[in-house]
Amino acid sequence: MAILQSHLIKELEQENPDSAIKQTESFLLSNAEEEQNYEYSRRFERDAAYWQGIFGETSPTDVRKISRRYPIGDYRGAEPRSMRIEAAVSQSQNEILFRFENSGGSIFRLFFTAVAYTQMVIEDSNCVLLQAPIGNRWSREEKQTISMGVAPVLVPVFRQDGQTAADCYQILQKHLQKALIHSRYAPATRWGELASPGWKQIIPVFGVSYQTGKFQKTSSYTETIIEHRQAVESLFATIHLHDRFADGYLAIEADFRRIWSPEQCHAFLQTVLNYAVDIAVEVMTQEHTDHHPKEHYTSDECSAEPIGVHLLKAFECYTDNALFRLNGENSTLTYHEGLQWMHRFSMRLHDMHTENKPVLILGRRTPETVLAYLACLIKNVTVVPVCPTTTPTERLLTIIRNSGASLCIYTEAEQNLAETLNLPLLRISLHKGDSAQKRIIQEQIASTLYSSTSYSEIQHTSCNPAYILYTSGSTGEPKGIAISSVALANYALAAKAAYAAEIPFNTPLFTSFGFDLTQTAILVPVLSGGFIQPHEQDIRDNPELLHTLLTDESLTGVKCTPSHLSLLIEHGISTRQHPLTFVVGGENLPASLVNKALDCLPSGSEIINEYGPTEATVGCCIYSVNSIYSINNDSASIEEEKNAPALITPIGTALGKAEISIRDRWGQIMPRGFRGEIWISGPVLADGYLNDSVQTEAKFVFSADKQCRWYRTGDLGVQDEQGIFHCIGRIDDEFKVRGHRIHPVEIEKAVEDVLAQFGQSEDHNRQLKALKLVIDEAAGIAGYETIALCSNQPIPHESHQFQNKLKEKIAESWLPNLYCTVQPWPINANGKVDIALLTSVAETYRRSFIDVAQCVLTDKQAADKKTQQQAENYNLPLWLDEEFLRPVWPQSVDLTVSFLELGGDSIKAIRLVALLAKRGVKLEIKELLTLTALGAVLEAACAEQPVGCTTDAAVLEKPLKSEDVS
Numbered sequence: 001m002a003i004l005q006s007h008l009i010k011e012l013e014q015e016n017p018d019s020a021i022k023q024t025e026s027f028l029l030s031n032a033e034e035e036q037n038y039e040y041s042r043r044f045e046r047d048a049a050y051w052q053g054i055f056g057e058t059s060p061t062d063v064r065k066i067s068r069r070y071p072i073g074d075y076r077g078a079e080p081r082s083m084r085i086e087a088a089v090s091q092s093q094n095e096i097l098f099r100f101e102n103s104g105g106s107i108f109r110l111f112f113t114a115v116a117y118t119q120m121v122i123e124d125s126n127c128v129l130l131q132a133p134i135g136n137r138w139s140r141e142e143k144q145t146i147s148m149g150v151a152p153v154l155v156p157v158f159r160q161d162g163q164t165a166a167d168c169y170q171i172l173q174k175h176l177q178k179a180l181i182h183s184r185y186a187p188a189t190r191w192g193e194l195a196s197p198g199w200k201q202i203i204p205v206f207g208v209s210y211q212t213g214k215f216q217k218t219s220s221y222t223e224t225i226i227e228h229r230q231a232v233e234s235l236f237a238t239i240h241l242h243d244r245f246a247d248g249y250l251a252i253e254a255d256f257r258r259i260w261s262p263e264q265c266h267a268f269l270q271t272v273l274n275y276a277v278d279i280a281v282e283v284m285t286q287e288h289t290d291h292h293p294k295e296h297y298t299s300d301e302c303s304a305e306p307i308g309v310h311l312l313k314a315f316e317c318y319t320d321n322a323l324f325r326l327n328g329e330n331s332t333l334t335y336h337e338g339l340q341w342m343h344r345f346s347m348r349l350h351d352m353h354t355e356n357k358p359v360l361i362l363g364r365r366t367p368e369t370v371l372a373y374l375a376c377l378i379k380n381v382t383v384v385p386v387c388p389t390t391t392p393t394e395r396l397l398t399i400i401r402n403s404g405a406s407l408c409i410y411t412e413a414e415q416n417l418a419e420t421l422n423l424p425l426l427r428i429s430l431h432k433g434d435s436a437q438k439r440i441i442q443e444q445i446a447s448t449l450y451s452s453t454s455y456s457e458i459q460h461t462s463c464n465p466a467y468i469l470y471t472s473g474s475t476g477e478p479k480g481i482a483i484s485s486v487a488l489a490n491y492a493l494a495a496k497a498a499y500a501a502e503i504p505f506n507t508p509l510f511t512s513f514g515f516d517l518t519q520t521a522i523l524v525p526v527l528s529g530g531f532i533q534p535h536e537q538d539i540r541d542n543p544e545l546l547h548t549l550l551t552d553e554s555l556t557g558v559k560c561t562p563s564h565l566s567l568l569i570e571h572g573i574s575t576r577q578h579p580l581t582f583v584v585g586g587e588n589l590p591a592s593l594v595n596k597a598l599d600c601l602p603s604g605s606e607i608i609n610e611y612g613p614t615e616a617t618v619g620c621c622i623y624s625v626n627s628i629y630s631i632n633n634d635s636a637s638i639e640e641e642k643n644a645p646a647l648i649t650p651i652g653t654a655l656g657k658a659e660i661s662i663r664d665r666w667g668q669i670m671p672r673g674f675r676g677e678i679w680i681s682g683p684v685l686a687d688g689y690l691n692d693s694v695q696t697e698a699k700f701v702f703s704a705d706k707q708c709r710w711y712r713t714g715d716l717g718v719q720d721e722q723g724i725f726h727c728i729g730r731i732d733d734e735f736k737v738r739g740h741r742i743h744p745v746e747i748e749k750a751v752e753d754v755l756a757q758f759g760q761s762e763d764h765n766r767q768l769k770a771l772k773l774v775i776d777e778a779a780g781i782a783g784y785e786t787i788a789l790c791s792n793q794p795i796p797h798e799s800h801q802f803q804n805k806l807k808e809k810i811a812e813s814w815l816p817n818l819y820c821t822v823q824p825w826p827i828n829a830n831g832k833v834d835i836a837l838l839t840s841v842a843e844t845y846r847r848s849f850i851d852v853a854q855c856v857l858t859d860k861q862a863a864d865k866k867t868q869q870q871a872e873n874y875n876l877p878l879w880l881d882e883e884f885l886r887p888v889w890p891q892s893v894d895l896t897v898s899f900l901e902l903g904g905d906s907i908k909a910i911r912l913v914a915l916l917a918k919r920g921v922k923l924e925i926k927e928l929l930t931l932t933a934l935g936a937v938l939e940a941a942c943a944e945q946p947v948g949c950t951t952d953a954a955v956l957e958k959p960l961k962s963e964d965v966s
């Protein structure tokens with residue numbers, strides 16, 4: 001109709017409008033007669049049968065199996081405003097395409113395939129519908145019909161596992177030939193009566209137009225210049241090919257609706273060109289890339305030696321440097337003394353560790369525990385590090401059983417726990433005697449300065465994993481990830497180069513041994529000749545350590561989580577003079593937190609966002625920020641819809657020899673600006689999952705060209721135009737809470753087990769789902785995270801017995817803070833739980849719960865009465881009022897309900913404990929995380945004898961034991 005209207009308008013603009021009207025009427029009648037003749041012909045019947053066989057009810061395609069993870073969506077309601085984008089065809093690409101056409105290849109089918117394949121990649125789908133104006137075999141009269149003008153054919157393009165773009169090109173030959181023969185039917189104009197309900201849900205997005213020979217303005221008496229609006233009138237975009245190399249070059253351009261950014265449009269079109277060239281090369285040569293395979297990443301091919309070699313060299317190089325700072329500047333342990341201790345420990349270990357099996361280290365943050373761990377790395381004894389204070393006994397026993405650990409290394413503080421594990425025990429301690437005693441020890445073993453271990457011995461035995469770290473598993477059981485000594489060396493060397501290239505990395509150690517980010521705080525200081533300042537208490541348990549920790553001007557770096565950073569900048573950096581480098585990992589890093597930290601830190605400080613799953617050895621991607629404004633400028637390049645509610649710091653670029661890529665589920669690379677799964681490759685990859693070959697093969701895969709081993713992270717990411725990577729979520733329901741990687745199944749299974757002990761195991765209709773909720777905090781500080789457990793039936797979570805049983809199975813940091821009964825249970829169209837709806841219900845429930853718990857009474861009399869009752873019930877100091885509690889609860893707080901009922905979590909608990917400590921009131925976090933009324937908890941804490949603020953000295957001046965190793 002657009003073409004007919006165009007003819008009419010142009011003729012009416014001439015001097016003889018009467019003649020124009022007669023000609024137009026003749027044109028309309030001629031077309032109508034042609035259409036009527038066709039619709040009553042046998043050709044029409046054959047064409048209709050063909051298209052009904054593809055799109056009708058009798059179609060052999062099961063439309064229900066067509067999947068799209070990131071669909072472009074229904075664009076048809078938006079105004080069809082367009083923009084034109086041109087692709088830059090290089091000389092080499094043009095020569096390849098020219099040879100391809102001269103060898104008999106089809107340029108149209110080539111780009112038709114490339115467009116379809118690119119769309120499938122960015123949508124992560126297995127089928128798309130493409131439009132094409134096929135009319136080469138039509139008669140001159142047919143080419144002027146309405147159908148030709150407005151209804152090109154629709155061609156479905158599929159891909160299956162293992163199929164390449166070149167495979168799609170070959171398969172499409174037959175389909176396009178048949179579509180050409182039956183194109184007169186113009187299926188798009190009859191889509192309503194032709195297509196089945198399933199096919200109607202698939203919206204055509206792209207079209208391909210084709211101009212051969214020297215570009216002409218008219219062809220068969222019809223204008224061929226496509227106006228921008230016409231090109232996107234019924235499509236998302238139209239790709240135009242100008243072929244035959246009239247001027248020596250193929251020209252490619254496209255009209256896009258103004259929905260994507262220009263950068264995304266250009267990335268899409270350039271990817272189409274790249275796929276076309278790749279297909280052409282493969283088709284012409286008929287050779288697959290596996291004829292010339294690259295070397296796979298293995299431990300043997302990597303230039304890095306095992307981590308033990310580098311550690312031993314560091315101990316011999318930095319002999320007189322302080323390795324540990326224990327109690328102020330005058331209390332240190334040197335590298336030489338540490339090496340001596342490790343030598344004696346290794347001899348004991350050799351006597352007790354006769355089997356080539358892992359050893360379990362109950363990892364308190366003490367010098368002897370760190371030294372024992374380093375000695376095991378040097379001797380190539382596989383370590384299973386666990387946190388003794390946060391890991392439930394039942395989980396510990398599961399880890400021991402799965403890892404095959406044959407020995408438990410522990411300190412005196414873990415004596416009772418160690419004795420319950422049914423393992424041979426090796427107790428360690430650090431003896432710091434007087435100088436005369438130290439001289440005797442040095443003289444006894446100076447001649448043996450670790451001579452029992454040579455570099456060649458370390459390399460020969462480096463086949464053992466360096467450590468096995470356990471994370472949450474999708475089966476409900478923890479899964480062990482085996483990290484090789486070479487992978488650990490690659491990370492440690494790259495981290496040293498990035499974080500300590502100019503000065504030693506002097507750092508505090510306050511994070512859990514069962515947390516792989518702690519590797520940075522151990523290995524980078526040693527390899528750079530720096531010192532470690534161990535803190536047995538986590539700063540979350542004793543926030544007053546923060547002030548002493550960060551005012552220590554000798555510290556140069558801190559490895560922590562965003563939650564730690566939030567606490568650090570709130571409590572301890574106002575008086576610091578020298579710059580600090582913060583390496584932050586374990587969870588998303590909000591840009592607002594980065595800016596607030598840089599605003600508080602001394603000039604020259606740097607915050608490095610380190611990203612990496614445990615399977616890629618601590619960290620594999622970093623983004624450095626040393627200016628408040630740079631984070632905002634860089635992040636602005638990602639379109640708003642792909643950002644989390646709060647702007648998240650980019651994860652940056654690959655660290656060391658790691659490789660990062662954004663891919664679809666088939667392993668195809670996504671164009672820049674489009675979402676996909678983050679894949680990681682390189683010598684930092686783990687060996688796999690211990691005793692789980694199925695999961696190892698599913699997550700550690702080879703690329704389609706069989707040239708590289710990749711780890712599929714399950715993280716949703718995007719690469720911007722500057723090449724910077726961003727992590728924007730998950731493609732599954734796994735989540736992280738305050739750095740802890742949690743699979744909801746493990747929480748759900750623990751709850752099911754506890755309910756079974758309560759006699760509720762018979763109900764097979766019970767539904768459980770653990771979710772993470774993120775609640776925004778005020779003043780630009782990072783939002784805090786909490787876990788909600790949704791169920792379709794009530795859970796007896798208020799029972800102390802239930803909570804105690806649950807703590808025996810999962811870590812306290814994994815405990816749900818909110819229990820929400822949801823009826824009916826939300827199910828999506830695929831028969832699975834609707835996570836988005838369930839999360840929305842949980843958030844609504846939580847808000848309503850808080851509104852009730854923290855409501856501000858408008859009736860003054862009722863408010864006065866409530867205040868009076870609280871004053872009568874709880875004997876609290878006058879200063880402990882709503883104003884004092886405002887940093888934790890901006891609104892009014894009801895002291896008659898529990899801390900948890902007020903929406904409290906560990907972050908709020910830390911802040912409250914820190915506020916009370918400044919007033920001389922000591923309160924442990926675990927006392928808050930109960931169902932006792934908050935007023936009662938505060939009253940009991942205030943009633944005790946006030947104590948001064950805890951300092952480092954209070955923690956570190958414990959009497960050292962008389963034993964050296966056992």
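With UniProt numbering, letter number 337 in the sequence shown gets 337, and the count goes up by one each step, no holes.
Every residue, glycine too, gets a C-beta built ideally from N, C-alpha and C.
Determine the direct distance from the alpha carbon of residue j to that of residue i, and round the result to whole angstroms.
i      : j      : result
ARG46  : TYR70  : 37 Å
LEU568 : GLN415 : 32 Å
PRO887 : GLU587 : 24 Å
LYS200 : LEU194 : 9 Å
PRO478 : LEU517 : 18 Å
ARG159 : CYS168 : 7 Å
LEU129 : CYS376 : 58 Å
LEU312 : ALA276 : 52 Å
Starting from the Cα of residue i, find the closest Cα among the options and give me that residue.
i            : options                           : result
LYS772       : GLY586, PHE505 and THR839         : THR839
GLU697       : ASP74, TYR711 and VAL386          : TYR711
LEU488       : ILE925, TRP679, GLY759 and CYS620 : CYS620
ALA756       : GLY729, HIS743, PHE725 and PHE802 : PHE802
GLN577       : THR561, SER605 and SER566         : SER605
SER474       : PHE268, SER813, CYS376 and ILE747 : ILE747
SER41        : LEU426, GLU808, TYR185 and ARG84  : TYR185
residue 1051 : TYR819, ALA836, THR821 and CYS820 : Since the first residue shown for the chain is 1 and the last is 966, residue 1051 is missing from the structure and cannot be characterised.
Just confirm the distance between the C-beta atoms of residue i and residue j, as a whole number of angstroms; I'd bet it's less than 8 Å.
i      : j      : result
GLY308 : ILE378 : 4 Å
LEU407 : LEU333 : Actually they do not touch by this definition, with Cβ atoms about 24 Å apart.
GLY904 : LEU928 : 6 Å
Apart from the five residues on each side of it in sequence, which residues of its chain come closer than 6 Å, Cβ to Cβ, to residue i?
i           : result
GLN216      : Residue placement at GLN216 is flagged as unreliable, the pLDDT there being 43, under the threshold of 50; the coordinate-derived value follows with that caveat. Contacts found: none.
ILE608      : VAL583, ILE622 and SER624
residue 967 : Look at the range of the chain in this structure, 1 to 966, and you will see that residue 967 is not part of it.
CYS265      : ILE85 and PHE256
TYR50       : HIS182
Residues in its own chain within less than 8 Å of residue i by CB, not counting five upstream and five downstream?
i      : result
LEU250 : VAL89, ASN94, LEU97, PHE98, ILE107, LEU241, HIS242 and ASP243
ALA933 : LEU895, THR896, VAL897 and SER898
GLU843 : LEU773
Quick one: what's got a C-beta closer than 7 Å to residue i's C-beta in the same chain, skipping five residues either side?
i      : result
ALA280 : ILE96, LEU97, PHE100, GLY105 and LEU110
GLU282 : ALA166
PRO877 : CYS942
GLN719 : ILE662, ARG672 and PHE725
Taking 8 Å as the cut-off, does the stretch 361–379 touch the stretch 310–325 (at least 3 CB pairs, one atom from each stretch)? Segment contact: the stretch 310–325 against the stretch 361–379, three or more CB-CB distances shorter than 8 Å; contact assigned.
Check whether the stretch 331–342 and the stretch 392–402 are in contact - that is, three or more C-beta pairs closer than 8 Å. No, they do not touch.
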